[in-house]
Amino acid sequence: ALDASNGMAGYTLPHILPGLHGVQADRLFMEPDGTFPNHEANPLKEENLDPVRERVLATQAQIGVCFDGDADRCCFVDERGHTVPADLMTALLARDFLARSPGATVVYDLRSSWVVKEVIAQAGGVPRRDRVGHSFIKGTMRETGAIFAGELSGHFYFKDNYVCDSGVIAMVSALNLLSRASNQGKAFSSLVEDLRRYHSTGEINFHVEDKEAAIANLRQRYADGRQEELDGITVEFGALGDPSWWWFNVRQSNTEPLLRLNLEASDAALCEAKKAELCALLGTPE
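Be aware that the sequence shown starts at 15, since it is given in this note's numbering, and climbs by one per residue.
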């Protein structure tokens, strides 16, 4: 099931789909319409995935894909209608690319789950963590010769596409992967299952007047953690695999007057506790 969100995917997909042999695509909201009458063209919002999710379940489709307005981003749902976060898709696609290009570099943004780094390394690749934003990702890809990159925002970048992002290429890559898995009797959800190792909050936004002061306060408050400042502040506690392991990143938005929090932990209760702790410091989420 494919949801073009009344955006540019509605123009490009009809040119692509006839060449995808064996793919039967159920199409939603394919008519380009800048008023976006059916839902906002932002697949990062869970409610905007509901139409494709419902269509997947109603038709017993193997995968669902929802595009943003200009089709440079997309998000996925599995055959059960469950959202597959973009960082887990980065790990899944990276594993597939590295099977054909062992030893290659894969770039991912620093908001991504720790599992992305683990999967890239386990697949024989070189993980490269980077700042958030297409200009940084593309620059690092050129610098390292990276084969692929992914961001939590649903941007996926490809060396063969001049290191540019493309929702359509991400879709085709996922369909190729799914086709091979289906031949082995595996469903999309089973490919992602081993990647759901940790518990995360997703990205939480806060309107903070003095952003630099807020980050300075976090730097002091969490001075006993392992800190880095590649983009905002990232702090890690505990040893990976230990029940007490967790990390967070707080960074200024590149596009809006907001601070953005991402947090991940080995344990669901710890994740919720640390989320509450940081929300108390940063204020009421947007």
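Backbone N, C-alpha and C fix where the C-beta goes; we use that ideal spot for every residue, glycine too. Note that the structure is a prediction, hence the values are computed from the model and not measured.
In angstroms with no decimal places, state the Cα-to-Cα distance between residue i and residue j.
{"i": "Glu-242", "j": "Val-133", "result": "22 Å"}
{"i": "Ala-201", "j": "Ala-287", "result": "34 Å"}
{"i": "Ala-279", "j": "Arg-211", "result": "9 Å"}
{"i": "Ala-253", "j": "Val-206", "result": "24 Å"}
{"i": "Asp-238", "j": "Ala-137", "result": "33 Å"}
{"i": "Ile-229", "j": "Leu-277", "result": "15 Å"}
{"i": "Asp-281", "j": "Glu-60", "result": "23 Å"}
{"i": "Cys-178", "j": "Phe-172", "result": "6 Å"}
{"i": "Leu-27", "j": "Ala-184", "result": "13 Å"}
{"i": "Ser-258", "j": "Leu-284", "result": "8 Å"}
{"i": "Asn-190", "j": "Leu-244", "result": "34 Å"}
Excluding the five sequence neighbours on either side, which residues of its own chain have a C-beta within less than 6 Å of the C-beta of residue i, listed in chain order?
{"i": "Gly-139", "result": "Leu-112, Ala-118, Val-120"}
{"i": "Pro-41", "result": "Residue identity differs from the one stated: residue 41 is Arg in this sequence, not Pro. Hits under 6 Å: Leu-16."}
{"i": "Leu-107", "result": "Ser-187"}
Between which two residues does the beta strand (DSSP E) carrying residue i extend?
{"i": "Glu-157", "result": "Note, Glu-157: premise wrong, no beta strand (DSSP E); alpha helix (DSSP H) at 148–158."}
{"i": "Gln-266", "result": "260–266"}
Quick one: what's residue i bridged to in DSSP?
{"i": "Asn-20", "result": "Beta-bridge pairing links Asn-20 to no other residue."}
{"i": "Tyr-12", "result": "Since the displayed the chain opens at 15 and closes at 300, residue 12 lies outside it and no answer follows."}
{"i": "Phe-220", "result": "Leu-273, Pro-299"}
{"i": "Val-249", "result": "Gln-241, Phe-262"}
{"i": "Thr-97", "result": "Val-91"}
{"i": "His-213", "result": "Ala-279"}
{"i": "Gly-78", "result": "Val-91"}
For residue i, which residues from the same chain have a beta carbon less than 8 Å from its beta carbon, with the 5 sequence-adjacent residues on both sides left out?
{"i": "Val-66", "result": "Ala-15, Leu-16, Asp-17, Leu-42, Gly-78, Val-79, Cys-80, Val-91"}
{"i": "Asp-47", "result": "Asn-20"}
{"i": "Arg-240", "result": "Val-249, Glu-250, Phe-251"}
Residue i: beta carbon under 6 Å from a heavy atom of the ligand HEM?
{"i": "Val-120", "result": "Looking at this structure, you won't find the ligand HEM or any other ligand, since it has none at all."}
Could you spell out where the alpha helix (DSSP H) holding residue i opens and where it closes?
{"i": "Arg-233", "result": "225–235"}
{"i": "Leu-277", "result": "Taken as a continuous stretch (DSSP letters only), Leu-277 belongs to no alpha helix (DSSP H), being part of the beta strand (DSSP E) at 273–279."}
{"i": "Asp-110", "result": "100–114"}
At the 7 Å Cβ level, is residue i part of the contact set with chain C, yes or no?
{"i": "Arg-94", "result": "Any reference to chain C falls outside this structure, which holds one protein chain only."}
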